[in-house]
Amino acid sequence: MTGGGTGLPRDDGTPPESFAALLRTEGLEPRWDVPPGFEALEAPEGTTVLAFRYADGVLMAGDRRATAGNLIAHRRVQKVFSADSHSAVAISGTAGVAIEMVRLFQTELEHYEKIESQRLSLEGKANHLASMVRRQLPMAFQGLVVIPLFCGFDEIARRGRLYSFDVVGGRYEETDFAATGSGGRDAKLYIRTAFTDDMDEAAALGLAMEAMIAAAEEDTATGGPDLQRGIFPNVVVVTADGYRELSDDEIASASRTAMGA
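According to the numbering used here, the sequence shown is numbered sequentially starting from 60.
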């Protein structure tokens, strides 16, 4: 029997194309099922993430707050992760499910690179992430919704690109910027007023902090920069040189400037 995408070895003995398919075959794929008769779980929710292009590539940022209903569940949640050396993914929605999805996505990309001896194209990565979101649809009906953002540096087109998704796995390439989560609308509106694609990294970081502050002022579930506690958004950039996470010192300085402190 030819394995192909089923997770079984091919006839020639080579490994399966998809690591997730292999997990499904072995019954090891992560499952998040709500037992029949139970009400929807009130799991911690990640809130606001954003991304936009700038002169050298693309910047992605996420606030650190997770909420459970009207309560703050966590103040230091990481919402922005490397997908591989030249791409990044940010999460909003049910935090636990989203983090598990990111881990599986990272493993899938690493698995592909080892098998094929090359990285999957940026568009291919976005398509694969869309299929992973689509597989979570039954959980979305149970209230466990995950909506990511994805970005990276396209080594063929030599520019940054970014993608947004919807709850049913729709994938949309955004021209310049995107945001999702409870404060995503306010962040996006702010970015629209000041965005230019020729910004340098310092200007891009400043805009990201200003947009996050604007979202936090309108949305109680979004945590803006907290100078007193030293809690700042996660910010990464992806350029021709690859994925890089900005330091807390860089983000703190941009936050103070944005807040006029």
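Just so it is clear, CB atoms sit at the ideal spot from N, CA and C, and this is done for glycine as well. On a predicted model such as this, the values are computed, not experimentally measured, just so you know.
{"Check": "Backbone CA spacing between Val297 and Leu181 [nearest angstrom]", "Outcome": "12 Å"}
{"Check": "Unbroken beta strand (DSSP E) run spanning Val108, endpoints", "Outcome": "Val108 to Tyr113"}
{"Check": "8 Å Cβ cutoff met for Ile333 and Thr166", "Outcome": "Because the chain is modelled from 60 through 320, residue 333 falls outside the range shown and cannot be assessed."}
{"Check": "Burial state of Asn293 (16 or more Cβ within 10 Å)", "Outcome": "buried"}
{"Check": "Enclosing beta strand (DSSP E) for Met119 [first to last residue]", "Outcome": "Gly116 to Gly121"}
{"Check": "Residue closest to Val139, alpha-carbon to alpha-carbon, out of Ala110, Ile131, Gly128 and Ala132", "Outcome": "Ala110"}
{"Check": "Residue of Ala154, Leu286, Asp300 and Ala299 minimising C-alpha distance to Met318", "Outcome": "Leu286"}
{"Check": "N-terminal and C-terminal residue of the alpha helix (DSSP H) that Ser314 is part of", "Outcome": "Asp307 to Met318"}
{"Check": "Every unbroken alpha helix (DSSP H) inside the region 137-223 [4 residues or more]", "Outcome": "154-175, 181-194 and 196-200"}
{"Check": "Nearest-angstrom Cα separation, counted from Asp225 out to Gln195", "Outcome": "11 Å"}
{"Check": "Contacts around Arg303, its chain only, beta-carbon distance under 7 Å, and the 5 residues preceding and following it disregarded", "Outcome": "Val295 and Val296"}
{"Check": "Proximity below 8 Å, CB of Arg134 to CB of Gly243", "Outcome": "no"}
{"Check": "Cβ-Cβ distance between Asp245 and Ala267 below 8 Å", "Outcome": "no"}
{"Check": "Leu286 in three-state terms, based on DSSP", "Outcome": "coil"}
{"Check": "Rounded straight-line distance, which links the Cα of Arg124 to that of Val136", "Outcome": "6 Å"}
{"Check": "Which of helix, strand or coil DSSP assigns to Phe97", "Outcome": "In this predicted model, Phe97 has a pLDDT of only 49, less than 50, meaning its place in the structure is not dependable; the value taken from the coordinates is given anyway. The answer is coil: DSSP assigns Phe97 none of H, G, I, E or B."}
{"Check": "Environment of Ala185 [buried if 16+ CB atoms lie within 10 Å]", "Outcome": "buried"}
{"Check": "Tyr222 and Phe209 closer than 8 Å at C-beta", "Outcome": "yes"}
{"Check": "Per-residue DSSP class, three states only, for Arg230", "Outcome": "strand"}
{"Check": "Within 8 Å, strictly: CB atoms of Val204 and Gly228", "Outcome": "no"}
{"Check": "Cα-Cα separation between Tyr171 and Met160, rounded to whole angstroms", "Outcome": "16 Å"}
{"Check": "Exposure label - Ile250; buried when at least 16 CB within 10 Å", "Outcome": "buried"}
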